[in-house]
Each structure stands twice: as C-alpha cells, then as structure tokens.
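Let me begin by presenting the structure, written as structure tokens, before commenting on it.
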Amino acid sequence: MIERITIENFKSLKKVDICLGALNLFIGTNASGKSNFFDALRLLQGIGNGFTVSEILDGKPKSATSEVWDGIRGGTAKACFANGASGGDITISVSGKRADRSWQSWEYVISFSAAEGRVTGEKLKVGHNIFDSAPVTKNLPADPVFEVRYFGGAQGKPPHLKFERSRPVLGQFAKGNGKWKKGDAELAQEVATLLANTQRVDPHPSELRNYSQAHQIQRMGEHGENFAALVKTLCQDAKAKDAYLTWLRQLRPAEVEDVGTLSGAVGEPLFMLKEGGKEFPAPVLSDGTLRFAAIAAAFFQPDMPGIMTIEEIENGIHASRVRLLMELLRSRAKTGKPQIMATTHSPIVLAWLKEPEYRTTFFCKRDESTGESKICPLHEIPHFAEVVKKQPISDLFAEGWLEAAI
Ligand SMILES: Nc1ncnc2c1ncn2[C@@H]1O[C@H](COP(=O)(O)OP(=O)(O)OP(=O)(O)O)[C@@H](O)[C@H]1O
Ligand SMILES: [Mg+2]
Numbered sequence: 003m004i005e006r007i008t009i010e011n012f013k014s015l016k017k018v019d020i021c022l023g024a025l026n027l028f029i030g031t032n033a034s035g036k037s038n039f040f041d042a043l044r045l046l047q048g049i050g051n052g053f054t055v056s057e058i059l060d061g062k063p064k065s066a067t068s069e070v071w072d073g074i075r076g077g078t079a080k081a082c083f084a085n086g087a088s089g090g091d092i093t094i095s096v097s098g099k100r101a102d103r104s105w106q107s108w109e110y111v112i113s114f115s116a117a118e119g120r121v122t123g124e125k126l127k128v129g130h131n132i133f134d135s136a137p138v139t140k141n142l143p144a145d146p147v148f149e150v151r152y153f154g155g156a157q158g159k160p161p162h163l164k165f166e167r168s169r170p171v172l173g174q175f176a177k178g179n180g181k182w183k184k185g186d187a188e189l190a191q192e193v194a195t196l197l198a199n200t201q202r203v204d205p206h207p208s209e210l211r212n213y214s215q216a217h218q219i220q221r222m223g224e225h226g227e228n229f230a231a232l233v234k235t236l237c238q239d240a241k242a243k244d245a246y247l248t249w250l251r252q253l254r255p256a257e258v259e260d261v262g263t264l265s266g267a268v269g270e271p272l273f274m275l276k277e278g279g280k281e282f283p284a285p286v287l288s289d290g291t292l293r294f295a296a297i298a299a300a301f302f303q304p305d306m307p308g309i310m311t312i313e314e315i316e317n318g319i320h321a322s323r324v325r326l327l328m329e330l331l332r333s334r335a336k337t338g339k340p341q342i343m344a345t346t347h348s349p350i351v352l353a354w355l356k357e358p359e360y361r362t363t364f365f366c367k368r369d370e371s372t373g374e375s376k377i378c379p380l381h382e383i384p385h386f387a388e389v390v391k392k393q394p395i396s397d398l399f400a401e402g403w404l405e406a407a408i
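Here this note's numbering is used: the first residue of the sequence shown is 3, the next is one more, and so on.
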C-alpha cells in the first residue's frame, strides 16, 4: 500500500503531498485535478513495468513482455506543470510499509525530464538505503548513462553503478546483475511490482454485454474485457460466488436469484442473471446493473491488484444504490487489498462518510489564477469539523462552501 505520495510539477499538480489510506475518495469540480492524480498513479505503474520515460508518457505497442500501454493523457508535451512553461523536472515520491514486514518502511523517489525522456534523480530504500543518485555529482544532462550510488556494497567507498538513462533505474536494478546483491534486486522488484500492480476499473456496458474471449480468467480488463470469464471463474468457488451474489441481490432486492454464465458456440462465456426463474443474458441487462456487477466482480478477482482506481463510482447507478456501492468499497477496503482510489461527483457519497474517512477523502480544487490543483483531506480544511456538525457535508459541497474554504 502507498501510504504517502508527493507529486511535484506534474500536470496541474504543482505541489501535492498527501497521506493515503485503504479507501481514498477524490471529490471536486470538473477539471480540479482528480484524474491528473490518477495519471500520476498510472505513471508509477509504467515505472513499475520497467518502461522508458517516453514510453510511459506517450504509450507503447504490445510486445512479448507487455500488453499495449496507452501512455498518459496528453503525453510528453502536457506532462509538466503549465506544459513546462515554468521549467523543472517532474518529481514523484511514494512510501509505505512492507506488506509482510510492516516494521520496515520503503521509499521510492524519481525525478525526470519529460521533454528529454531522461531520469534526473532516483532513490530507493526498502528497510535500508539501496541506491540514491543524489550523492553522484557527475551525472551530466546529456549523458546517456545514469549513475547511482549503491549502498549495499562491501565496506568502504560505496560503488557507483551505471544504468540506461532513458529508463527508471528501479526496473533495471530489479532485474539483477552480478554487480549488486541478489537480495537488494529482489527488494527493488518488490517495489516495482507494488507500483505496477494497479488496475483501472472503468467497465463499459457495451464491453460487458460481449461474450468473453477467454474461458477462465483471474483478472478482467480495464473496460470489463473478459468480464463473463471472470464471473465464470469466481462462480466455481462457492464461497466467492455466494459473497458476490449477496451484493448483486442487494442491488435489485427480490429480483436476482442467481448469477452465472451462458455458453456460446465454442463454450465462450456470456454473463447472465437469473430472475423469476428465467435467465437474462448480458445483452438485455441494464447499463447500471452491468456496471455494478462488473465493479463488484472486480473485488472478487482471484488475481487482486494492489491498487484499484475507479473514476466516478456513481456513474450509471441510481442514487438509492450508490450507498450500496460505498458499502462494497468499504467492506473490500477493510480486507487491505486492494488499496482503493475512487473519484466521485456525488454529494450523496459524501453524506454517508464516517468521520474517520475524512482523513482519506480528498477535496480537489484548481486555483483559477495559477492553474495549480490543491488536494486537501477534508479533516485538514479549516473549521470543517465544526461546520460539518451543523450542516450536512453534501450541502457544503453543493453550495460551494468547501471550494471557498481552501
Ligand atoms: N500540464 C498541465 N499544466 C497545468 N494544468 C494542466 C496540465 N495538464 C492538464 N491540466 C489541467 O488539468 C485539468 C484537467 O484535470 P483533470 O482531468 O484531473 O480533471 P478532473 O478533476 O478529473 O475533472 P472531471 O471531474 O471533469 O473528470 C485541465 O482542465 C487542464 O487545464
Ligand atoms: Mg476526471
């Protein structure tokens, strides 16, 4: 889990420093910077995948080792704050506790020039310092080689290691090489995997209505590709199916009797709900039902991502059922995996927040004069705690109080 993230000079996020929890909600008007924050997480995913700086930003075709990568909205040209007008590199730092050794912390920092597609600074600590470019003074901007100081060497002067500069060191270091300890390469891989293991859940009803190409799958695609295959997989585990069905029944009480899949000509699965003794295949189910079913299924994937991002959770779901979705996110966040990041425009979601959740509910606002986005947890907004006792938070949101308070 990422416990703290700082972002500098990336898109509208000139300077952001926030502490994250298991369930994180991002609210704010259009163009306030919510998706830009998600883009920063995507950037980290690209780093974890071992891509070059240019590939991360501008995209990459499918290869033997990776799927198609879309890049970041706007690509290289729009990556820096104010499109680079103010100069400077983009810096992102992330830290947290190790999954199975929570007494040990990890920290990863990267700086890079988007325009030149080069890394300009990088540091990794997992329990102990592993590498850091800061002590290296001879890293010249035009040099295709990037040096970092490795702390795990023999006693005496720490050795300098050389890496390809167009690509973050993290992935290169994780691959291992006789020049550094295997154990340190494994620690770098642990962080790379954590960053890479992000799933964007943005199910499109048109995709959910399709037959799946796969017959069994451990994780569905971003837009719900192979959704039916995932449902088929999870229905084979009686406990998982039962839990999944319980959520679906709450969405449409008294109607949904069973969930499963129908088979196409060559056995390819199609999502199906059973209502009133009849089977209703995905093509006839409503958009909202399918979207909810896909988001719920994502939380029962056998291959669970470390981080899940969901934009506009309430999209297509009736106001009276948004609460159910919130409960689903809450209950899954309690299990610790995945760490959830969701955006919402719905004041209803805010009305159901519990006080401890104010710490990880972030209000995003873009300053009109500077174009800079601020991301502030509700509990840090001045006087928020007093005001919210007198007036529902949803009113504060709708009336623009939050906007004015930051
Ligand atoms: N390089 C940049 N420098 C400064 N601002 C930028 C940069 N790139 C994008 N922006 C601004 O960020 C805004 C978009 O922010 P973002 O996509 O995060 O909005 P959002 O909060 O997700 O909104 P919505 O709720 O509509 O999806 C754009 O209006 C754009 O002006
Ligand atoms: Mg957005």
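All C-beta atoms in this analysis are idealised placements derived from N, C-alpha and C, irrespective of residue type, glycine included.
Everything numeric in this text was worked out from a predicted model, so none of it was measured.
Legend entry - Interface flag, Met328 vs chain D, CB-CB below 8 angstroms: Looking at the structure shown, chain D is missing, and only one protein chain is on hand.
Legend entry - In chain order, each beta strand (DSSP E) run of at least 3 residues that lies wholly inside the stretch 3–45: 6–12, 15–21, 25–29
Inset, instruction - Check whether the Cβ of Thr31 sits closer than 7 angstroms to any heavy atom of ligand 2, and report yes or no. - result: Numbered from its first residue, the sequence shown carries residue 31 at position 29. No, Cβ of Thr31 sits at least 7 angstroms from all heavy atoms of ligand 2.
Inset, instruction - Have a look at the DSSP bridge pairing and note the partners of Pro283. - result: Translated into positions along the sequence shown, residue 283 becomes position 281. Pro283 pairs with Met274.
Legend entry - Classification of Val150 by the beta-carbon crowding that lies within 10 angstroms, buried from 16 upward: Translated into the one-based positions of the sequence shown, residue 150 becomes position 148. So Val150 counts as buried.
Inset, instruction - Run the proximity test for Gly338: is its beta-carbon closer than 7 angstroms to any non-hydrogen atom belonging to ligand 1? - result: Within the sequence shown, numbered from 1, the residue matching residue 338 stands at position 336. No, the beta carbon of Gly338 sits no closer than 7 angstroms to any heavy atom of ligand 1.
Inset, instruction - Determine the closest residue to Leu27 out of Glu405, Glu316, Pro283, with distance taken between C-alpha atoms. - result: Position 25 of the sequence shown, counted from the first residue, corresponds to residue 27. Looking at the Cα atoms, Glu316 is the closest of the given residues.
Legend entry - Residues surrounding ligand 2 [beta-carbon distance to nearest heavy atom under 7 angstroms]: Lys36, Ser37, Glu313, Thr345
Inset, instruction - State the beta-bridge partners of Gln201 as determined by DSSP. - result: Reading the sequence shown from its first residue, position 199 is the one you call residue 201. The partner list for Gln201 (beta bridge, DSSP) reads Met310.
Inset, instruction - Would you mind sorting Asn179 into buried or exposed? The rule is 16 or more other CB atoms within 10 Å of its CB. - result: Numbered from 1 along the sequence shown, position 177 holds the residue referred to as residue 179. The residue in question, Asn179, is exposed, as its Cβ has fewer than 16 Cβ neighbours within 10 Å.
Inset, instruction - Compute the distance between the beta-carbons of Leu287 and Leu275, then report whether it is under 8 angstroms. - result: Within the sequence shown, numbered from 1, the residue matching residue 287 stands at position 285. Within the sequence shown, numbered from 1, the residue matching residue 275 stands at position 273. Yes, these two residues count as a Cβ contact at 8 angstroms.
Legend entry - C-beta atoms of Leu210 and Ala296 nearer than 8 angstroms: The residue given as residue 210 occupies position 208 in the sequence shown. The residue given as residue 296 occupies position 294 in the sequence shown. Closer than 8 angstroms, so yes.
Legend entry - beta strand (DSSP E) segments (min. 3 residues) lying fully within the stretch 40–94: none
Inset, instruction - Please determine, among Gly30, Lys183, Ala299, the residue with the shortest C-alpha to C-alpha distance to Leu330. - result: Residue 330 sits at position 328 when you count from the first residue of the sequence shown. Leu330 has its Cα closest to that of Ala299, out of Gly30, Lys183, Ala299.
Inset, instruction - Confirm the yes/no value for this check: CB of Asn85, any heavy atom of ligand 1, distance under 7 angstroms. - result: Translated into the one-based positions of the sequence shown, residue 85 becomes position 83. Yes; taking the cut-off as 7 angstroms, the Cβ of Asn85 has a heavy atom of ligand 1 nearer than that.
Inset, instruction - Going by CA-CA distance only, name the one from Pro349, Ile342, Phe229 that's closest to Gln218. - result: Position 216 of the sequence shown, counting from 1, holds the residue named residue 218. If we check each option's Cα against that of Gln218, Phe229 comes out closest.
Inset, instruction - Could you tell me which uninterrupted beta strand (DSSP E) segments, each at least 3 residues in length, are contained entirely in the stretch 224–273, listed from first to last along the chain? - result: 258–265
Inset, instruction - Starting from Thr345, follow the beta strand (DSSP E) in both directions and report where the run begins and ends. - result: The count along the sequence shown starts at 1 and reaches residue 345 at position 343. Where Thr345 is concerned, the enclosing beta strand (DSSP E) stretches over 341–345.
Inset, instruction - Please report the Cβ distance between Ile94 and Ile9, rounded to the nearest whole angstrom; I am assuming they are in contact, meaning their Cβ atoms lie under 8 angstroms. - result: Translated into the one-based positions of the sequence shown, residue 94 becomes position 92. Translated into the one-based positions of the sequence shown, residue 9 becomes position 7. That belief holds up - the Cβ atoms of Ile94 and Ile9 are roughly 5 angstroms apart, short of 8 angstroms.
Legend entry - Where Pro384 falls, given that 16 or more other Cβ within 10 Å makes a residue buried: By 1-based counting over the sequence shown, the position of residue 384 is 382. Exposed is the label assigned to Pro384, since fewer than 16 other Cβ atoms lie within 10 Å of its Cβ.
Legend entry - heavy atom of ligand 1 below 7 angstroms from Gly76 C-beta: On the sequence shown, residue 76 is found 74 positions in, with the first residue counted as 1. Yes, the beta carbon of Gly76 sits closer than 7 angstroms to at least one heavy atom of ligand 1.
Inset, instruction - Using 7 angstroms as the cut-off, classify the Cβ of Ser14 as near or not near the heavy atoms of ligand 1, replying yes or no. - result: To locate residue 14, count along the sequence shown from 1; it is residue 12. Of the heavy atoms belonging to ligand 1, at least one sits nearer than 7 angstroms to the Cβ of Ser14.
Legend entry - Near ligand 1: Cys82 beta-carbon under 7 angstroms from a heavy atom: For this step, residue 82 is matched to residue 80 along the sequence shown. Yes, since a heavy atom of ligand 1 falls inside the 7 angstroms radius drawn around the Cβ of Cys82.
Legend entry - Collapsed DSSP secondary structure at Arg211 in the structure displayed: By one-based count along the sequence shown, residue 211 stands at place 209. In the structure shown, Arg211 sits in coil (DSSP, three-state: anything other than H, G, I, E or B).
Inset, instruction - Could you tell me which of Pro205, Thr346, Ser88, Asn141 sits nearest to Lys164, measuring between CA atoms? - result: Position 162 of the sequence shown holds residue 164. Looking only at Pro205, Thr346, Ser88, Asn141, the smallest Cα-Cα distance to Lys164 is reached by Asn141.
Inset, instruction - Examine the Cβ distances between the stretch 20–36 and the stretch 116–124 and report whether three or more of them are shorter than 8 angstroms. - result: no
Legend entry - Heavy atom of ligand 1 within 7 angstroms of Gly88 beta-carbon: In the sequence shown, the residue the question calls residue 88 occupies position 86. Residue identity differs from the one stated: residue 88 is Ser in this sequence, not Gly. Ser88: no, Cβ never under 7 angstroms from ligand 1.
Inset, instruction - Reducing DSSP to helix, strand and coil, say where Trp403 ends up. - result: Looking up residue 403 in the sequence shown gives position 401. It is helical.
Inset, instruction - Run the CB neighbour count on Cys82, radius 10 Å, all protein chains shown included, and call it buried at 16 or more, exposed below. - result: Counting from one through the sequence shown, the residue named residue 82 turns up at place 80. Buried: at least 16 other Cβ atoms inside 10 Å.
Inset, instruction - Using alpha carbons as the reference points, say which of Ile309, Gln252, Glu314 lies closest to Thr291. - result: Numbered from its first residue, the sequence shown carries residue 291 at position 289. Ranking Ile309, Gln252, Glu314 by Cα distance to Thr291 puts Gln252 first.
Legend entry - Separation of Gly154 from Arg103, as counted between CA atoms: The residue given as residue 103 occupies position 101 in the sequence shown. The residue given as residue 154 occupies position 152 in the sequence shown. It is roughly 20 angstroms from the alpha-carbon of Arg103 to the alpha-carbon of Gly154.
Legend entry - Continuous alpha helix (DSSP H) stretch holding Leu327: start and end: Position 325 of the sequence shown, counted from the first residue, corresponds to residue 327. That run of the alpha helix (DSSP H) goes 321–336.
Inset, instruction - Alpha carbon to alpha carbon, how far is Glu69 from Ala84? Give it in angstroms, no decimals. - result: Along the sequence shown, read from residue 1 onward, the residue named residue 84 stands at position 82. Along the sequence shown, read from residue 1 onward, the residue named residue 69 stands at position 67. Approximately 31 angstroms between the Cα atoms of the pair.
Legend entry - C-beta atoms of Ile29 and Thr311 nearer than 8 angstroms: Stepping through the sequence shown from its first residue, residue 29 is reached at position 27. Stepping through the sequence shown from its first residue, residue 311 is reached at position 309. In this structure, Thr311 does not lie closer than 8 angstroms to Ile29 by Cβ.
Inset, instruction - State the DSSP-derived secondary structure class of Phe301, mapped to helix, strand or coil. - result: Counting from one through the sequence shown, the residue named residue 301 turns up at place 299. It is coil, neither helix nor strand.
Inset, instruction - Enumerate, from N- to C-terminal direction, the unbroken alpha helix (DSSP H) stretches of 4 or more residues contained entirely within the stretch 340–393. - result: 349–353, 386–392
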